[in-house]
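Notes to accompany the following structure.
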Amino acid sequence: MQAKIVTLPGDGIGPEVVAEALRVLNRVAERYGHNFTFDEQMMGGCAIDAVGNPLPDDTLAAAEQADAVLLGAVGGPKWSDPTAPVRPEQGLLKLRKHFDLFANLRPVKVYPELAQHAPLRPDLLEGVDILFVRELTSGAYFGERHEQGDGSNAWDTMFYTVDEVDRVARVAFEAARKRSGRLASIDKANVLASMRLWRRTVNDVARDYPDVQVEHVLVDACAMYLMRNPAQFDVLLAENMFGDILSDEASVLAGSLGMLPSASLGSGTFGVYEPIHGSAPDIAGKGIANPIATIMSAAMLLRYSLNLEAEANAVEAAVEAAIASGARTADIVEKGGSPVSTSAFTDLVLDGLK
Ligand code: NAD
Ligand code: IPM
Ligand code: MN
53 MQAKIVTLPG DGIGPEVVAE ALRVLNRVAE RYGHNFTFDE QMMGGCAIDA VGNPLPDDTL
113 AAAEQADAVL LGAVGGPKWS DPTAPVRPEQ GLLKLRKHFD LFANLRPVKV YPELAQHAPL
173 RPDLLEGVDI LFVRELTSGA YFGERHEQGD GSNAWDTMFY TVDEVDRVAR VAFEAARKRS
233 GRLASIDKAN VLASMRLWRR TVNDVARDYP DVQVEHVLVD ACAMYLMRNP AQFDVLLAEN
293 MFGDILSDEA SVLAGSLGML PSASLGSGTF GVYEPIHGSA PDIAGKGIAN PIATIMSAAM
353 LLRYSLNLEA EANAVEAAVE AAIASGARTA DIVEKGGSPV STSAFTDLVL DGLK
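Residue 53 is where the sequence shown starts when you use my numbering, and the numbers rise one by one after that.
Encoded structure:
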């Protein structure tokens with residue numbers, strides 16, 4: 053098949069991990085006879101430096117022509133002055149909003165080989181297989197009032213409409229139906245009006261899915277359950293900011309933030325695919341970042357935007373085989389073990405795709 057993919061390497065380790073995912077996609081194209089074209093564009097801090105805009109018009113125009121976008125990460129200390137007029141992260145939010153990518157899928161998979169060395173007791177990780185469905189284009193990130201005040205105050209309004217909750221809830225219910233039939237909806241309905249609307253709407257949608265078992269979990273307790281008994285969860289549906297926070301927390305289950313991929317989807321097949329981690333300024337430029345999150349994001353791109361299920365499965369199996377071979381980047385290496393570099397790990401994934 054023919055496919056056009058825009059790449060947005062971004063800042064920090066973004067370019068390092070995107071380069072590895074591209075090696076994997078090129079190998080897939082070669083092996084399965086596809087024609088993927090890659091169009092690299094700027095977004096984030098690098099775009100602010102180059103043209104003063106974190107999401108230049110050229111980048112948006114290129115993405116509009118593409119079947120999918122593969123993104124690294126944006127941001128870093130250079131652009132993090134709280135008084136700066138423009139920030140790298142604004143580019144990312146604008147990209148998500150522009151394409152109305154309201155559903156962010158963040159699967160959390162635990163590899164048994166890594167569970168032995170994860171921060172949590174291995175017995176707690178048995179059977180953990182979670183899918184976060186994070187609402188991505190509303191909530192406090194996009195509320196009507198989102199502004200600096202007079203210096204002594206500032207606003208970010210938390211806001212949801214029934215339609216916004218309904219459409220992302222349906223994505224989560226559909227996923228639950230295909231998985232274990234269990235869905236936990238996260239909210240803060242005990243305090244926030246927007247979250248009472250969230251809970252009410254999820255209950256309304258639930259009527260269309262009598263085969264799915266729904267529970268409502270308050271976000272603070274959920275943060276605790278994720279560490280105490282993560283295997284109880286299957287699909288976790290959460291509003292924008294709660295989903296952001298809880299999915300980083302859940303990366304501890306997988307062993308590292310460098311492991312978790314994501315797909316940001318709207319109503320069509322176009323999607324933006326990115327690791328859930330950021331630009332990791334502390335390790336940027338060293339060639340030691342874990343490429344798994346980005347390679348697995350590329351696998352999600354193959355599955356959701358290009359409908360290449362066999363190819364996506366092959367990439368996931370190759371990552372699994374690389375882990376099983378014992379190779380570990382620095383973030384997941386066991387005590388006393390010797391880590392492999394970002395590209396050496398990818399070499400093993402490529403071996404698995406021969
Ligand atoms: P971060 O995710 O960049 O890093 C947190 C910790 O995880 C660091 O210790 C880092 O070294 C480690 N880590 C992250 N990815 C890793 C990988 N692939 N391999 C090994 N270790 C990895 O979070 P932060 O430091 O809080 O944020 C840095 C910048 O990234 C900020 O400007 C933030 O806004 C931005 N950010 C961007 C995105 C995105 O572009 N989607 C996501 C999150 C954060
Ligand atoms: C993520 C990031 C972003 C978010 C930031 C960088 C805007 O943390 O993709 O998880 O909060 O959504
Ligand atoms: Mn995040």
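Note that CB positions come from ideal geometry on N, CA and C, so glycine has one too.
Since the model is a prediction, treat every value here as computed from it, not as a measurement.
- Scanning its chain for C-beta atoms nearer than 8 Å, with the 5 sequence neighbours on each side dropped, one finds around Gly-201 the residues Trp-207, in chain order.
- Under DSSP, the beta-bridge partners assigned to Arg-158 are Phe-184.
- Runs of the beta strand (DSSP E) lying entirely within the region 116-161 and spanning at least 3 residues, in chain order: 120-125, 155-161.
- If you draw a straight line from the Cα of Tyr-193 to the Cα of Gly-388, it is about 42 Å long.
- When Cβ pairs closer than 8 Å are counted between the two stretches, the region 140-152 is seen not to touch the region 171-186, the count staying below three.
- If you check the CB distance, Leu-270 and Leu-298 do not come in under 8 Å.
- If you compare the alpha carbons of Ile-57, Met-95, Tyr-84, Asn-156 with that of Glu-116, the shortest gap goes to Ile-57.
- With a 10 Å radius around the Cβ and a threshold of 16 neighbouring Cβ atoms, Asp-133 comes out exposed.
- For Asn-87, the secondary structure class from DSSP, reduced to helix, strand or coil, is strand.
- By alpha-carbon distance to Met-348, the top candidate from Arg-259, Glu-72, Asp-63, Phe-294 is Glu-72.
- Annotation for Leu-298: no beta strand (DSSP E) segment contains it, though the alpha helix (DSSP H) segment containing it runs 292-306.
- Residue burial is scored here from C-beta neighbours: Asn-365 has fewer than 16 other C-beta atoms within 10 angstroms and is therefore classed as exposed.
- Pairing Tyr-261 with Phe-225, the inter-Cα distance amounts to about 7 Å.
- With a contact defined as Cβ atoms closer than 8 Å, Tyr-212 and Ser-190 qualify at about 6 Å.
- Counting the other CB atoms within 10 Å of its CB gives Glu-326 a total of 16 or more, which places it among the buried residues.
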